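Reviewing the structure listed below.
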Amino acid sequence: MKLMYLLATFAVVLVMMASCTRQSVTGYTLTAAIDGIPDGSHVQLFPVSHGHEKPVADTTVVDGKFIFKGVADEPLAVRLMVKNAYGSMPLMLENGSISVEGKVTSENLNGTVNYNFSQVSVTGSPLTDKYVKLLSTRDALDSIYVTNNEKFKDIRVAYGKARVAKDKILMDSVVATEAYKASAVADSLFFATVDATYYKLVMDNKESYWGPLMMISLFSYLTEEQKPWYDALSEEAKHSRYGKMVKESVAPDSQIGSKVPVFTAKSQDGKSVTLTDLCQGKKYVLIDFWASWCNPCRKEIPNLKKLYTQYADRGFQIVSISIDKKEAEWTKALKEEQLQWPNFLDTEGIADIYKVKFVPTMYLIDAQGVMVGENLRGEALANKLAELFGEIE
Numbered sequence: 197m198k199l200m201y202l203l204a205t206f207a208v209v210l211v212m213m214a215s216c217t218r219q220s221v222t223g224y225t226l227t228a229a230i231d232g233i234p235d236g237s238h239v240q241l242f243p244v245s246h247g248h249e250k251p252v253a254d255t256t257v258v259d260g261k262f263i264f265k266g267v268a269d270e271p272l273a274v275r276l277m278v279k280n281a282y283g284s285m286p287l288m289l290e291n292g293s294i295s296v297e298g299k300v301t302s303e304n305l306n307g308t309v310n311y312n313f314s315q316v317s318v319t320g321s322p323l324t325d326k327y328v329k330l331l332s333t334r335d336a337l338d339s340i341y342v343t344n345n346e347k348f349k350d351i352r353v354a355y356g357k358a359r360v361a362k363d364k365i366l367m368d369s370v371v372a373t374e375a376y377k378a379s380a381v382a383d384s385l386f387f388a389t390v391d392a393t394y395y396k397l398v399m400d401n402k403e404s405y406w407g408p409l410m411m412i413s414l415f416s417y418l419t420e421e422q423k424p425w426y427d428a429l430s431e432e433a434k435h436s437r438y439g440k441m442v443k444e445s446v447a448p449d450s451q452i453g454s455k456v457p458v459f460t461a462k463s464q465d466g467k468s469v470t471l472t473d474l475c476q477g478k479k480y481v482l483i484d485f486w487a488s489w490c491n492p493c494r495k496e497i498p499n500l501k502k503l504y505t506q507y508a509d510r511g512f513q514i515v516s517i518s519i520d521k522k523e524a525e526w527t528k529a530l531k532e533e534q535l536q537w538p539n540f541l542d543t544e545g546i547a548d549i550y551k552v553k554f555v556p557t558m559y560l561i562d563a564q565g566v567m568v569g570e571n572l573r574g575e576a577l578a579n580k581l582a583e584l585f586g587e588i589e
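Written out as C-alpha cells, the structure reads:
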C-alpha cells in the first residue's frame with residue numbers, strides 16, 4: 197500500500213512538473229530596434245529552404261521598432277527581410293526572448309532597395325550565434341570570389357559583350373587569350389576550395405540537423421552530386437526537417453509516368469494560356485523553369501535553341517517559365533536571348549505547384565501531360581529527344 201501511495205504521489209509530481217514545463221514554454225518574442233528601415237515597412241521572417249516558402253511571420257515597423265511573437269515547435273532557421281527589398285540577415289528562431297538591434301545601410305539597385313544588415317546584432321539566441329558562426333565560413337570564400345571577379349573583370353566583360361552580341365568569332369578570340377585562361381583556372385581552383393570547405397563543415401556537423409541545415413544554407417541548390425554527403429549524415433540528421441529537405445533534392449522520388457498539374461499562365465500580351473493549350477498539336481513539351489540571374493539556366497539556352505530548331509517541326513515545344521521577381525529583369529533577358537518559344541513570368545505560383553526547388557528545373561511531358569523525363573539537360577536531353585523521335589533505338 198505504501199509503495200502504491202509513493203508511486204501515485206510520484207506520478208502526480210511528474211504531471212505537475214510536465215504542466216509547469218508546458219506553461220514555462222511561452223514561445224518566442226523577438227524584439228527589434230533597427231535604424232534605417234522606414235516606418236510602415238513590412239518586415240518578414242522567411243524559412244531557410246530551397247523552395248518558395250511563405251513568411252512564418254509578418255509585421256510592420258513603427259518608430260523604428262517591431263516585434264514578432266509565436267511558438268517555435270523546433271528551432272527554425274529563418275531570414276529577416278524587408279518586403280519588396282533585397283538583403284536579409286540569418287536567425288535561428290527559438291523559444292525565448294530574442295533581441296535584434298543595430299542599423300542598416302541601403303542602396304538603390306535598379307529601382308529596388310538593397311539593405312545591408314552587417315551592423316545588426318542578435319542577443320538572447322545561442323542557436324543564432326552558432327548559425328552565424330558556421331555561415332561565416334562562406335564570408336571568407338565570398339571575399340576570394342569578389343577578388344577574382346575584380347581581377348578578371350575586363351576579360352569577363354569582354355566575353356559577356358561578345359556573348360550578348362552572339363559574335364562567335366569574337367567569343368572564340370576572347371577564350372583564346374591568356375587572361376581568359378587564367379580566369380578559368382582561378383574559377384576552377386575557387387570552386388574546388390568551396391567544395392572541400394563545405395564538405396568539411398557538413399561532415400563536422402553530420403550527427404545533428406546542423407549538417408543538412410548547412411547544406412541548405414550554403415548551396416543555392418543541391419543535386420545528386422551531393423547524395424554521398426546526405427548518405428554520410430546520421431539517422432537523426434536525415435530525419436530532421438533539413439535532412440528531409442536535402443533528400444528531396446539529392447534523391448527525389450521520380451515523377452516519371454505521372455501526370456503533371458495543369459497550370460494557367462499569362463502571356464506577355466496579357467492573354468491566359470493553359471498547359472493544355474500549349475500541348476495542343478504537340479508530341480512532347482519541355483517545361484523549363486529558369487531565371488534571368490541563373491547562369492546555368494542561360495548557359496543551357498544555346499542547347500535548347502539547337503534542339504528546338506531540330507525538332508519543332510516534328511511536334512516538339514518548349515515552354516519557359518521564369519521565376520524572376522521583377523518583370524523588367526525577365527523582359528531584359530528575353531530581349532538578350534531572343535527565345536523563339538512561349539515564355540511566361542510566374543506570377544501565379546506555378547513553380548510552387550510543380551514543387552520546384554531550384555533552377556534550372558526541366559520536365560519533359562508527352563501530349564497527354566505525362567512526364568517522360570525530368571531535369572534532363574545538355575547531351576542527356578538531346579539523347580532523350582532523339583530516342584523519343586525515333587532517331588536512335
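Just so you know, we're using our numbering here: the sequence shown kicks off at 197 and counts up by one.
Note that the Cβ used here is the ideal one computed from N, Cα and C, for glycine as well.
Predicted model, so just to flag it, every value in this text is computed and none were measured.
Membership of ASN310 in the beta strand (DSSP E) is indicated by the continuous run 308–312. Within 10 angstroms of the beta-carbon of PRO424 lie fewer than 16 other beta-carbons, which makes it exposed.
For the pair ASP335 and VAL328, the Cα-to-Cα distance works out to about 10 angstroms. Of THR373, SER332, SER339 and ILE340, the smallest CA-CA separation from ARG352 is found for THR373. Assignment of ILE483 by DSSP, reduced to helix, strand and coil, places it in the strand class. Nearest neighbour of GLY320 by Cα position, chosen from ALA228, PHE540 and VAL257, turns out to be ALA228. Comparing alpha carbon positions, the residue from ALA268, GLY574, VAL274 and GLN564 closest to PHE242 is VAL274.
In the three-state reduction of the DSSP assignment, THR543 falls in the coil class. In the DSSP assignment, THR343 falls within the alpha helix (DSSP H) that extends over 322–347.
Looking from the CA of PHE459, the closest CA among LEU418, ILE546, SER430 and LEU366 belongs to ILE546. Between LEU503 and SER518, the CB-CB gap reaches or exceeds 8 angstroms. Boundaries for ALA578: no beta strand (DSSP E) harbours it, while the alpha helix (DSSP H) harbouring it runs 574–584, taken from the DSSP string. Between the stretch 477–491 and the stretch 542–561, the count of Cβ pairs shorter than 8 angstroms is three or higher; the stretches touch.
Between the alpha carbons of LYS349 and ARG573 lies a gap of roughly 29 angstroms. Comparing alpha carbon positions, the residue from TRP489, ASP400, TRP406 and ILE233 closest to VAL316 is ILE233.
Rounded to the nearest whole angstrom, the CA to CA distance from ALA361 to ALA268 is 52 angstroms. Taking C-beta atoms as the reference points, CYS475 and GLY356 fail to come closer than 8 angstroms. The stretch 433–446 makes contact with the stretch 392–405; the number of CB pairs closer than 8 angstroms reaches 3 or more. Put simply, the backbone Cα of ASP254 is about 28 angstroms away from that of ALA461. Where GLN240 is concerned, the enclosing beta strand (DSSP E) starts and stops at 238–243. By DSSP's assignment, ASN304 forms a beta bridge with VAL309. Along the length of the stretch 515–564, whole alpha helix (DSSP H) runs at least 4 residues long occupy 523–533 and 546–549, reported in chain order.
The beta carbon of GLY247 is closer than 6 angstroms to those of LYS553 in its chain, skipping five residues each way along the sequence.
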